[in-house]
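**Student:** Got a structure for you, questions after.
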Amino acid sequence: MTEHNMEYNKVIEGFRKHEYPMLKDAVYLDHAGTTLYAKSLMERYMMDMMSNLYGNPHSASTSSQLSTSRIENARLSVLRFFNADPADFDVVFVANATAGIKLVMDAFRGQPNGFLYGYHQDSHTSLVGVREDAVSTRCLDDVAVERWLSGSEHLVTRKQNSEISLFAYPAQSNLDGRRLPLSWLERVRDLSYQTHSTTYTLLDASALVSTSPLDLSDARKAADFTVLSFYKIFGFPDLGALIVRKESAAILQTRKYFGGGTVEVVVCLKEQWHAPKGQSLHETLEDGTLPFHNILALEAAIDVHKSLYGSMERIASHTIFLARKLYEGLKSLRHANFEPVCIIYSRGFSCETSSPVQGPTIAFNVKNGFGAWVTNVEFERLASIRNFHIRTGGLCNPGGVASALELEPWETKKNFSAGLRCGGETDIYAGKITGVIRVSLGAMSTMSDVESFLSFVEEFFTDQTAVTSIDEDTATFEMARMYVESLTIYPIKSCGGFEIPKGTAWEVRPEGLTWDREWCLVHQGTGQALSQKRYPRMALIKPTIDFESGLLRIRYRGSDSSTLADEIHVPLSSDPSFYRTPNSIRSLSSRVCGDAIVVRTYSSHEINDFFTKILGVSCVLARFPAGGSGPSSRHAKAHMQQHQVPNNLVVNEKSSANSFFDPPTPPDYDSENRRRPILLSNESPILAINRSSIDKLNEEIAKSGGKLASPSVFRGNIVLASNEPKDHQKPYDEDHWSTLTIGSETYQMLGSCRRCHMICVDQDTAEKNEEPFVTLAKTRRFESKVFFGSHMCHVPSSLPHKEHQFPVIKVGDKVSIGI
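For the sequence shown, the residue numbers in the UniProt record's numbering are 1 to 819.
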């Protein structure tokens, strides 16, 4: 610790107990959310309120005049705090930075031809939201900004006759503390001059000014509009400001709305006319009665802050020093197997300059010794128990989080469709964590705060003993003598399958393989889900999963496709705009395999006409996404059949050949009672087919000269094949399997699959045949029911391995059988 930082730290330690008694034993590390208010500030403010009479500033009484005078003093104090000349800048008081952003947006959307809007990907949600009122918009990363500023491309693609543009970005990311170049502001102004265009700048300075000075002494290098929140600097008052460069003020005065206190006179009867105030900019923009009691606290807040900490430069130096120690400490933490404990998203302090590129905010996540994510929920709960105050989640920074966690748009939409929400109980999906842990420092932070937090992370999240791969296989598993021959999903129930490419690791969810039977076609009259039993041409409707575009692409492979579109598509994400409105309750009710369910039907005539023309029946495409409850959920019905009795049980000689023991009851294990979620599959999450059993079936079919069965007619998700010579293979051995281990994942067998005539539909031509049902009826009929294939479900692992956070299966995986 340098002499300067030792001195500062000692001073803070000396007054912190008195000035911040609310801390007690707490370690407060969420200064990016709000910093803490000093006791002396609250005492001074309370004394001011008790000693003076302040009236509404819109009145003319002496108490009101006193309020007005103090507000103007506060306005000047704010400008001095940022070295801003009152001749160049004006301060508009607002509720917070977001309110300041919205005030700017209100003015821009009132332009006759609208406005173009570009914003940086590190922007807070409040800056992102401005795009909804722009006629054209674009999100830019650093490279795109530099290309634009160099003149090699436009900020935004121009639309209509819009000539006014607005470029917004944060001075410091509220997510990871990264500081963006303030030099961009002047470069935007230079580019506008060179290209004879009009581009304004909006700077979100909220995160930066909490611990660092913002120098507005050179108006040419300043943003046209700067927003901030004072509670991030002083802890109190709860107030924000919009600092406006006066040369750019005219556009704000074109907004259409006016509130109380911003006009000189208003005519309502017979004519619609008003005269706005024109003496100063803030008079025309501060709608209604100001939060004057909060504004009156500003002078005290600035004075107390200066008396406690000196300059903002001093605070900046100290907090950067602490942040560097925190960053280095988290980075150095290792498990006993030398794997890192923390994955840090902040850029660090290795390239320190006179203008630091990293603020005192560190964003990171934690992994265990096996490389699996520790959930944000678990981390925050433990932190709360130990009295650490931090922030976790998406942090209202959607672009920054997506970039840091490498989340594609379709993944974010998929997470939303699956029910994931910021602040929810689930924050890991498909093997990816969806939020971050943020620790941020402030003026009153000390070295002991940093050391305490590092000790906490080390104590609770560092695996001190060497971890090795834990083998879940036991003696009950036979050696891997089988493998996954093929994988297929059926995105639209009863339509064609999508064969998963070799080498592709496919996600396994509680409901089955991802995207399997998530959509269906619903009869518009009856609400019944359609199937190939009645509409065999459904087999020729071929869906394809396109992850790159985030689309489910659908084609028709029939010969009579000349009048149809070559392809239709719907988003993989559950985009509400594509569905009928929820008040169309009847259109959402359906039945699948006897279950009354609620589905979400698509409203597009183009989509629904596509299927109607193919099948010759009025139908609509509907979706039954995962994560529902009540009528928006279904559960597996599959169970062990009586013909699947263990091999060591002997049938009583007096019993008939088709008589078998009942399965044990009550259930032997809790897992037998577990309700297993499914989507639109008939009975279970996953259907497996044994290639040896298909070969045996085809031998029987061949004897009668029938058409051999392709694996596709059984519409299984997984086809399992044997590594053994043909004469050593065991057809129908799957009847006696209890579990499978495929790759590193375990699956429980749920029973044989009962078959109907739908297996007679050729999946390539949609033609019907009597086989293979006829032969199965002769060889695989038990109690008047025909069976072929095995139902199964994934068994989540309790082991903390990273691969178990994202269970997958792929073609070629080895298969071990539990018997």
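Glycine included, every Cβ here is placed at the ideal spot set by N, Cα and C.
No experiment lies behind these values; they were computed from the predicted model shown.
Run through the DSSP bridge pairs and tell me what residue 795 is partnered with.
**Tutor:** Answer is 746.
**Student:** How many Å lie between residue 109 and residue 134 at the Cα?
**Tutor:** The alpha-carbon atoms of residue 109 and residue 134 are separated by roughly 7 Å.
**Student:** Is the closest heavy atom of the ligand FMN to the C-beta of residue 358 under 7 Å?
**Tutor:** Although the ligand FMN was asked about, the structure shown includes no ligands whatsoever.
**Student:** DSSP state of residue 660, grouped into three classes?
**Tutor:** For residue 660, the pLDDT reaches just 31, beneath the cut-off of 50, and the residue's location in the model is therefore unreliable, leaving the point undetermined.
**Student:** State yes or no: is the C-beta of residue 518 within less than 8 Å of the C-beta of residue 543?
**Tutor:** No, the pair does not count as a contact, with Cβ atoms beyond the cut-off.
**Student:** What distance in whole Å lies between the Cβ atoms of residue 388 and residue 453, which are believed to be in contact at a cut-off of 8 Å?
**Tutor:** Contact flag correct, Cβ pair sits at about 6 Å.
**Student:** If the criterion is Cβ atoms closer than 8 Å, does the pair residue 74 and residue 298 meet it?
**Tutor:** Yes.
**Student:** If you reduce the DSSP assignment to three classes, tell me which class residue 323 lands in.
**Tutor:** Of the three classes helix, strand and coil, the one that applies to residue 323 here is helix, per DSSP.
**Student:** Anyone know if the C-beta pair for residue 439 and residue 326 falls short of 8 Å?
**Tutor:** Result yes, Cβ atoms of residue 439 and residue 326 sit closer than 8 Å.
**Student:** In whole angstroms, give me the CA-to-CA distance for residue 558 and residue 686.
**Tutor:** Going by the C-alpha atoms only, they are around 28 Å apart.
**Student:** With DSSP run on the structure shown, which of helix, strand or coil describes residue 50?
**Tutor:** DSSP places residue 50 in helix when its eight states are reduced to three.
**Student:** How big is the Cα-Cα spacing for residue 744 and residue 803?
**Tutor:** In a straight line, the C-alpha of residue 744 is about 8 Å away from that of residue 803.
**Student:** Helix or strand or just coil, what does DSSP make of residue 124?
**Tutor:** Coil at residue 124, not helix or strand.
**Student:** When the distance is taken between beta carbons, is residue 612 closer than 8 Å to residue 618?
**Tutor:** Yes, Cβ-Cβ distance for residue 618 and residue 612 is below 8 Å.
**Student:** Please classify residue 816: does DSSP put it in a helix, a strand, or coil?
**Tutor:** Residue 816 falls in the strand class under three-state DSSP.
**Student:** What did DSSP end up calling residue 362 once you bin it into helix, strand or coil?
**Tutor:** DSSP places residue 362 in strand when its eight states are reduced to three.
**Student:** Taking C-beta to C-beta, are residue 400 and residue 122 nearer than 8 Å?
**Tutor:** Yes, they are a contact pair.
**Student:** Any idea what DSSP makes of residue 204, helix, strand or coil?
**Tutor:** Strand, per DSSP.
**Student:** Three or more C-beta pairs under 8 Å: does that hold for the segment 713 to 731 against the segment 691 to 699?
**Tutor:** Yes, since at least three Cβ pairs between the segment 713 to 731 and the segment 691 to 699 fall closer than 8 Å, the two stretches touch.
**Student:** Indicate whether residue 124 and residue 25 have their beta-carbon atoms separated by less than 8 Å.
**Tutor:** No.
**Student:** From residue 294 to residue 238, what does the alpha carbon distance come to, in whole angstroms?
**Tutor:** If I take the Cα positions, the gap works out to 7 Å.
**Student:** Less than 8 Å between the CB atoms is what I'm expecting for residue 833 and residue 189, so what's the real figure, rounded?
**Tutor:** This structure gives no information on residue 833, because the portion of the chain shown stretches from 1 to 819.
**Student:** Use the C-beta contact count for residue 610: other C-beta atoms within 10 angstroms, 16 or more gives buried, fewer gives exposed.
**Tutor:** Buried: at least 16 other Cβ atoms inside 10 Å.
**Student:** Would you say residue 130 and residue 168 are within 8 Å of each other, going by their C-beta atoms?
**Tutor:** In contact: residue 130 and residue 168 (Cβ atoms closer than 8 Å).
**Student:** Would you tell me roughly how many angstroms separate the C-alpha atoms of residue 397 and residue 137, rounded to the nearest one?
**Tutor:** Distance between the alpha carbons of residue 397 and residue 137: 17 Å.
**Student:** Quick check: the Cα distance between residue 672 and residue 741, rounded to an integer number of angstroms?
**Tutor:** Below a pLDDT of 50, predicted positions are generally treated as unreliable, and residue 672, at 38, falls in that range; the measurement from the model is reported next regardless. Whole-angstrom Cα-Cα distance: 18 Å.
**Student:** How would you write the range of the alpha helix (DSSP H) that residue 6 sits in, first residue to last?
**Tutor:** Residue 6 -> alpha helix (DSSP H) spans 3 to 19.
**Student:** Jot down the residue ranges of each uninterrupted beta strand (DSSP E) in the segment 374 to 433, minimum 3 residues, whole runs only, in chain order.
**Tutor:** Whole beta strand (DSSP E) segments, 3+ residues: 391 to 393.
**Student:** Report the residue ranges of all beta strand (DSSP E) runs contained in full by the segment 548 to 572; include only those spanning at least 3 residues, in chain order.
**Tutor:** The qualifying runs are 551 to 556, 568 to 571.
**Student:** Tell whether a beta-carbon distance below 8 Å holds between residue 791 and residue 818.
**Tutor:** Not in contact: residue 791 and residue 818 (Cβ atoms no closer than 8 Å).
**Student:** Helix, strand or coil for residue 180 per DSSP?
**Tutor:** Looking at residue 180 - three-state DSSP - the assignment turns out to be coil, as it is neither helix nor strand.
**Student:** Quick check: residue 224 and residue 201, are their CB atoms within less than 8 Å of each other?
**Tutor:** Yes, the Cβ-Cβ distance between residue 224 and residue 201 is below 8 Å.
**Student:** Which residue's Cα is closest to the Cα of residue 250: 228, 329, 602, 279?
**Tutor:** When each option's Cα is compared against that of residue 250, the closest is 279.
**Student:** Who does residue 727 pair with in a DSSP beta bridge?
**Tutor:** Bridge partners of residue 727: none, in fact.
**Student:** Could you tell me whether the segment 305 to 324 touches the segment 261 to 279, where touching means 3 or more Cβ pairs closer than 8 Å?
**Tutor:** The answer is no - the segment 261 to 279 does not touch the segment 305 to 324, with fewer than three Cβ pairs under 8 Å.
**Student:** How many whole angstroms separate the CB atoms of residue 746 and residue 795, which I take to be in contact at a CB cut-off of 8 Å?
**Tutor:** Right, their Cβ atoms sit about 4 Å apart.
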